[in-house]
Each structure stands twice: as C-alpha cells, then as structure tokens.
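Quick note on numbering: our numbering labels position 105 of the sequence shown as 105, and the sequence is numbered without any gaps.
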Amino acid sequence: MIIDLLLRITHVLSAAILVGGAFFMRFSLAPMLAAQDESSRKQLLPLWRPGWARLVMITSGLLLISGLVNAVLMIKRNDFGGTPYHALVAVKLLVGMVVFWLSATLAGRTDNAEKFRGQLTMWLNLNLALVLVLVGVASTMKLLPHLPKEPVTVSQPSATP
Numbered sequence: 001m002i003i004d005l006l007l008r009i010t011h012v013l014s015a016a017i018l019v020g021g022a023f024f025m026r027f028s029l030a031p032m033l034a035a036q037d038e039s040s041r042k043q044l045l046p047l048w049r050p051g052w053a054r055l056v057m058i059t060s061g062l063l064l065i066s067g068l069v070n071a072v073l074m075i076k077r078n079d080f081g082g083t084p085y086h087a088l089v090a091v092k093l094l095v096g097m098v099v100f101w102l103s104a105t106l107a108g109r110t111d112n113a114e115k116f117r118g119q120l121t122m123w124l125n126l127n128l129a130l131v132l133v134l135v136g137v138a139s140t141m142k143l144l145p146h147l148p149k150e151p152v153t154v155s156q157p158s159a160t161p
C-alpha cells in the first residue's frame, strides 16, 4: 500500500513539474523571448536552460519508472476482461516518450536543440497537444472496468482418504 502511494505521489508531482514547465515556457517564456532581439535571446537562454534541462531529465526518468511500475502492478492485480487497457498502456508509453524527447530537445544544448528552439512556440504547442492526448488516455485507463484478480490459494490435502 505504501509503495502505491509513493509511486502515485512521484508520478503526479513529476507530471505537474514537467507539464507546468511546458505551459510556462509556451505562455510566458516563448512570448518574452520572441519580443527580444537576437543578442538578448542569446544572453537569456543560458539563464534558464541548464536548470530546466536538469528538471526535464529527472522528471522524465521518474515518470517513466513510476509509470511502468504502476502499469505492471495494475495488470498483475486486476483483470481487465475485454477492455483495451494493455493497448492504452502502450499508447500512453509511446506518446509519453515523444513528450520526453521534445522536452529534452527544447532544453538541450546541441545545435539540433538550437534549431528546435528557433520554432519554440510550434514545438511547445505540439508538446502540449500531446500532453492533452496523454491525459485523455490516462483518464480512459482509470475509468475502464476491472475486477481484482482472485488471490491464488493453495489448499491443504484432506487428512481423510
């Protein structure tokens, strides 16, 4: 029970940080950077990028680990009948990996990352749209009917022949 609680807290807080940061970048940082000249943008980038890159790395890792463990525990503990739960786990994982990659690329220090930041608003819009897909998939998964699997018990052989 305590592991379930810790996994849930880790997953929700990591998602809040990663998605909150993406919303901040899209609706606050990107417009501010767009209003600056090239010289100012180049001076401002080193101020936010390293710290944000660290948070992206940490939260992406925590989300991946807690999400996979949560999915395995749910599948082991419950019978989902004919529902598409397993397929939705795969969709959520794939979309989540794209969100992690986009977040990491936008926070990166490579030449490729710099090219992506040249169209920062577009990539942030895509990232946030994918986050909405993730929330929809996760909500659907949460609402799918499922029954707890019966615990396997070993019966003792009877003493009478």
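Yeah, the Cβ is synthetic: ideal placement off N, Cα and C, and Gly gets one too. As the structure is a computational prediction, the values presented were derived from the model and not from experiment.
With respect to L47, S103 sits apart: the two C-beta atoms are not nearer than 8 Å. In the pairwise beta carbon analysis, the stretch 21 to 28 is classified as touching the stretch 117 to 137: at least three pairs are separated by under 8 Å.
At a cut-off of 4 residues, the continuous stretches assigned as alpha helix (DSSP H) that sit fully inside the stretch 118 to 157 are 120 to 143.
Around the beta carbon of G51, fewer than 16 other beta carbons sit within 10 angstroms, so the residue counts as exposed. Cβ-Cβ distances below 8 Å link L147 to N78, D79, G81 in the same chain, with the five nearest sequence neighbours on each side left out; the list follows chain order.
Excluding the 5 residues flanking it on each side, P31 has no same chain C-beta neighbour closer than 7 Å. Per DSSP, the continuous alpha helix (DSSP H) segment holding T10 begins and ends at 2 to 24.
With respect to the 8 Å criterion, L63 and G96 are classified as neighbours on the basis of their beta carbons.
Counting the other Cβ atoms within 10 Å of the Cβ of K92 gives 16 or more, which makes it buried. Between the alpha carbons of D111 and T105 lies a distance of about 10 Å.
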